[in-house]
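> In my numbering, each residue's number is its place in the sequence shown (first place is 1) plus 46.
Supplied in structure tokens, the structure appears directly below.
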Amino acid sequence: MGRKQQQPPEHFWAPRWWPVWVGVGLGRLLARLPFGLLMGLGTLFGHLLFCLLPSRRHIVRVNLRLCFPELAEAEREALVRRVFVANGIGFFESLLAWWGPRQAMARRVRFEGLEHLEGALAEGRGVLLLGAHFSTLELGGLFMAEVATVNAMYRRHDNPLLDRIITQARQRFCPQPIERRDIRGVIRTLKKNQCVWYAPDQDLGKHASVFAPFFGQQAATLTATSRMARLNNSPVLMLAHYRNPDNRSYTVRLSPPLEDFPSGDDVADAVRVNQVIEEAIRVHPEQYLWLHKRFKTQPDGRHKLYKEFE
Numbered sequence: 047m048g049r050k051q052q053q054p055p056e057h058f059w060a061p062r063w064w065p066v067w068v069g070v071g072l073g074r075l076l077a078r079l080p081f082g083l084l085m086g087l088g089t090l091f092g093h094l095l096f097c098l099l100p101s102r103r104h105i106v107r108v109n110l111r112l113c114f115p116e117l118a119e120a121e122r123e124a125l126v127r128r129v130f131v132a133n134g135i136g137f138f139e140s141l142l143a144w145w146g147p148r149q150a151m152a153r154r155v156r157f158e159g160l161e162h163l164e165g166a167l168a169e170g171r172g173v174l175l176l177g178a179h180f181s182t183l184e185l186g187g188l189f190m191a192e193v194a195t196v197n198a199m200y201r202r203h204d205n206p207l208l209d210r211i212i213t214q215a216r217q218r219f220c221p222q223p224i225e226r227r228d229i230r231g232v233i234r235t236l237k238k239n240q241c242v243w244y245a246p247d248q249d250l251g252k253h254a255s256v257f258a259p260f261f262g263q264q265a266a267t268l269t270a271t272s273r274m275a276r277l278n279n280s281p282v283l284m285l286a287h288y289r290n291p292d293n294r295s296y297t298v299r300l301s302p303p304l305e306d307f308p309s310g311d312d313v314a315d316a317v318r319v320n321q322v323i324e325e326a327i328r329v330h331p332e333q334y335l336w337l338h339k340r341f342k343t344q345p346d347g348r349h350k351l352y353k354e355f356e
């Protein structure tokens, strides 16, 4: 990308965009604060979000009731609070990933299963990293850049200025982010024997989806994982990244390649994808993005689950 393309268009300096620039400037300043202070601010921010976002509290409660029916009500409510705290911390971790001290953060991570990634790359067909929306998502990208070239797939932000700024910030660890409809970009990356990081764990409707169990509930599950794996016959590994209980260090965990994947059966593959993502979430369930309506689309076409509990 040339220097002229990196510069914001003139209209982004208009007054309507000034709040975004102020927010970005504040974010850059916050990213320079001591790590421990940022974690404390993130915790406070998470409690504040819990108090200020009743509609999101409702979504989280519904998701946890559906996915963890074995928990007592008090246990689930405590988990709801921890979800908000984890996501509050995740906001400040994103600032660190985009603008913080890279080498200082790299010293905080421990890798598990790195040999699986090295073995998969040795096959020379690129690697599809199966991801999920953990609150440590942005830091996960920063950490992975220490061991491999990883290009993540993303959805464009509705705010074009924020989209430009965040995309450029991510390029410090993701050389060429891939817009989710850019299949040619996926093919190019895999043919270079690099990694494509893709998170298929959100409900985007029935289009290009099949229904498969996720925590015992039917969930609209994208079939793109199988299609992308077939593009270059690339190995598929689960990538999970966690904030450790000390709130000062992190673990990045890579699974062995999925065997016999893709199988040729989209439903069977979707079941398999949901299983490995579910296993990864259960390690630290509070760090998952339960604020999303994961079960919004139902097989009968009715958007009912998030109303039944109101």
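Where a beta carbon is used, it is the ideal one built from N, C-alpha and C, also for glycine.
Just so it is clear, the structure is predicted and the values come from calculations on it, not from any experiment.
On the premise that Tyr296 lies in contact with His179, defined as a C-beta separation below 8 Å, what is that separation, rounded to the nearest angstrom?
Taking the first residue of the sequence shown as position 1, residue 179 is located at position 133. Taking the first residue of the sequence shown as position 1, residue 296 is located at position 250. Not confirmed; about 16 Å, so no contact.
> Taking only three categories from DSSP, how would you classify Gln51?
Here residue 51 corresponds to residue number 5 of the sequence shown, with the count starting at 1. For Gln51, the predicted model reports a pLDDT of 46, less than 50, meaning its position is unreliable; a value from the coordinates is still stated below. In the structure shown, Gln51 sits in a helix (DSSP, three-state: H, G or I).
> Could you tell me which residues DSSP puts in a beta bridge with Tyr200?
The residue given as residue 200 occupies position 154 in the sequence shown. Looking at the DSSP assignment, Tyr200 forms a beta bridge with Glu225.
> Put Gln321 into one of helix, strand or coil per three-state DSSP.
Along the sequence shown, read from residue 1 onward, the residue named residue 321 stands at position 275. Helix, per DSSP.
> Rank Ala266, Ala270, Gly134 and Ala245 by C-alpha distance to the C-alpha of Leu84 and give the top, closest one.
Within the sequence shown, the letter at position 38 stands for residue 84. Of the candidates Ala266, Ala270, Gly134 and Ala245, the one whose C-alpha sits nearest the C-alpha of Leu84 is Gly134.
> Within 8 Å, do at least three Cβ pairs link the region 230-241 to the region 178-197?
Verdict: yes, contact present.
> Taking buried to mean at least 16 other C-beta atoms within 10 Å of its own C-beta, is Cys97 buried or exposed?
Translated into positions along the sequence shown, residue 97 becomes position 51. Exposed.
> Assuming Glu324 and Phe260 form a contact by the criterion Cβ under 8 Å, report the distance between their Cβ atoms to the nearest whole angstrom.
Taking the first residue of the sequence shown as 1, we reach residue 324 at position 278. Taking the first residue of the sequence shown as 1, we reach residue 260 at position 214. Yes, Glu324 and Phe260 are in contact; Cβ-Cβ is about 6 Å, under 8 Å.
> Which partner residues does His287 have in the DSSP bridge list?
Walking along the sequence shown from the start, residue 287 turns up at place 241. His287 is bridged to Val298.
> For Pro221 and Tyr200, which I take to be in contact (beta-carbon distance under 8 Å), what is that distance rounded to the nearest angstrom?
For the purposes of this step, residue 221 is identified with residue 175 of the sequence shown, where counting begins at 1. For the purposes of this step, residue 200 is identified with residue 154 of the sequence shown, where counting begins at 1. The Cβ separation is near 13 Å, so there is no contact.
> Distance check for Ile105 and Gly165, CA to CA, integer angstroms please.
For this step, residue 165 is matched to residue 119 along the sequence shown. For this step, residue 105 is matched to residue 59 along the sequence shown. C-alpha separation (whole angstroms): 40 Å.
> Can you round the beta-carbon distance between Gly71 and Ala132 to whole angstroms, since I take them to be within the 8 Å contact cut?
Here residue 71 refers to the residue found at position 25 when the sequence shown is read from its first residue. Here residue 132 refers to the residue found at position 86 when the sequence shown is read from its first residue. Incorrect: roughly 26 Å between the Cβ atoms, too far for contact.
> Gly146: beta carbon under 7 Å from a heavy atom of the ligand MG?
The ligand content of the structure shown is nil, which means the ligand MG is not present either.
> Drop a sphere of 10 angstroms on the beta-carbon of Leu337, count the other beta-carbons inside from all chains shown, and report buried for 16 or more, exposed for fewer.
Numbered from 1 along the sequence shown, position 291 holds the residue referred to as residue 337. Leu337 is buried by the Cβ-count criterion.
> Take Asn279 and list the residues in its own chain whose beta-carbon comes closer than 6 Å to its own, dropping the five residues that flank it on each side.
Translated into positions along the sequence shown, residue 279 becomes position 233. Counting only Cβ-Cβ distances below 6 Å, and skipping sequence neighbours, we find Arg171.
> Mark Ala124 as exposed unless 16 or more other C-beta atoms lie within 10 angstroms of its C-beta, in which case mark it buried.
Stepping through the sequence shown from its first residue, residue 124 is reached at position 78. Ala124 is exposed by the Cβ-count criterion.
> To the nearest angstrom, how far is it from the Cα of Arg218 to the Cα of Trp144?
On the sequence shown, position 172 is the one that residue 218 refers to. On the sequence shown, position 98 is the one that residue 144 refers to. Going by the C-alpha atoms only, they are around 7 Å apart.
> Would you tell me roughly how many angstroms separate the C-alpha atoms of Lys252 and Leu79, rounded to the nearest one?
Looking up residue 252 in the sequence shown gives position 206. Looking up residue 79 in the sequence shown gives position 33. The alpha-carbon atoms of Lys252 and Leu79 are separated by roughly 44 Å.
> Between Asn293, Arg318 and Leu304, which lies nearest to Val155 when the distance is taken from Cα to Cα?
For the purposes of this step, residue 155 is taken as the residue at position 109 of the sequence shown. Per the Cα distances, Asn293.
> I need the straight-line Cα distance from Tyr244 to Asp306, nearest angstrom please.
As a working mapping, residue 244 is identified with position 198 in the sequence shown. As a working mapping, residue 306 is identified with position 260 in the sequence shown. Answer to the nearest angstrom: the Cα atoms are 19 Å apart.
> Write down the C-beta distance between Val322 and Val256 rounded to the nearest angstrom, noting that I regard them as a contact closer than 8 Å.
What you label residue 322 is simply residue 276 of the sequence shown in a count that begins at 1. What you label residue 256 is simply residue 210 of the sequence shown in a count that begins at 1. Val322 to Val256, Cβ: 16 Å. No contact.
> Assuming Gln344 contacts Lys353 (C-beta within less than 8 Å), just tell me the rounded distance between them.
Residue numbering aside, residue 344 sits at position 298 when the sequence shown is read from its first letter. Residue numbering aside, residue 353 sits at position 307 when the sequence shown is read from its first letter. So it is not a contact: roughly 11 Å between Cβ atoms.
> Quick one: what does DSSP say Arg216 is sitting in, helix, strand or coil?
Counting from 1 along the sequence shown, the entry for residue 216 is found at position 170. Arg216 falls in the helix class under three-state DSSP.
> Buried or exposed for Arg216, please, with buried defined as at least 16 other CB atoms from any protein chain shown within 10 angstroms of its CB.
The count along the sequence shown starts at 1 and reaches residue 216 at position 170. Under this definition Arg216 is a buried residue.
> Would you list the one or two residues that DSSP bridges to Glu158?
The residue you call residue 158 lines up with position 112 of the sequence shown. According to DSSP, which records beta bridges pairwise, Glu158 is partnered with Arg299.
> Output yes or no for whether 8 Å exceeds the beta carbon distance between Phe130 and Leu185.
To locate residue 130, count along the sequence shown from 1; it is residue 84. To locate residue 185, count along the sequence shown from 1; it is residue 139. For Phe130 and Leu185, no; Cβs fall outside 8 Å.
> Using a Cβ-Cβ cut-off of 7 Å (strictly less than) and excluding sequence neighbours within five positions of Ser140, which residues of its own chain qualify?
Translated into the one-based positions of the sequence shown, residue 140 becomes position 94. The residues are Glu184.
> On the premise that Leu300 lies in contact with His162, defined as a C-beta separation below 8 Å, what is that separation, rounded to the nearest angstrom?
Locating residue 162 in the sequence shown gives position 116, counting from the first residue. Locating residue 300 in the sequence shown gives position 254, counting from the first residue. His162 to Leu300, Cβ: 5 Å. Contact.
> From Gln51 to Asn320, what distance separates their C-alpha atoms?
Residue numbering aside, residue 51 sits at position 5 when the sequence shown is read from its first letter. Residue numbering aside, residue 320 sits at position 274 when the sequence shown is read from its first letter. Since pLDDT at Gln51 reaches only 46, below the 50 mark, its modelled position is unreliable, and the value read off the structure follows with that caveat. Roughly 39 Å separates the two Cα atoms.
> Going by DSSP, name the residue or residues bridged to Trp243.
For the purposes of this step, residue 243 is identified with residue 197 of the sequence shown, where counting begins at 1. Paired residue(s): Leu175 and Ala198.
> Between Arg276 and Pro246, is the Cβ-Cβ spacing less than 8 Å?
For this step, residue 276 is matched to residue 230 along the sequence shown. For this step, residue 246 is matched to residue 200 along the sequence shown. Taking 8 Å as the Cβ cut-off, Arg276 and Pro246 do not qualify as a contacting pair.
> What's the gap between the Cα of Gln263 and the Cα of Glu158?
One-based indexing of the sequence shown puts residue 263 at position 217. One-based indexing of the sequence shown puts residue 158 at position 112. For Gln263 and Glu158, the distance between alpha carbons rounds to 30 Å.
> Quick one: what's got a C-beta closer than 6 Å to Ile211's C-beta in the same chain, skipping five residues either side?
Residue mapping note: residue 211 aligns to position 165 of the sequence shown, counting from 1. Excluding positions up to five away in sequence, the list reads Val70.
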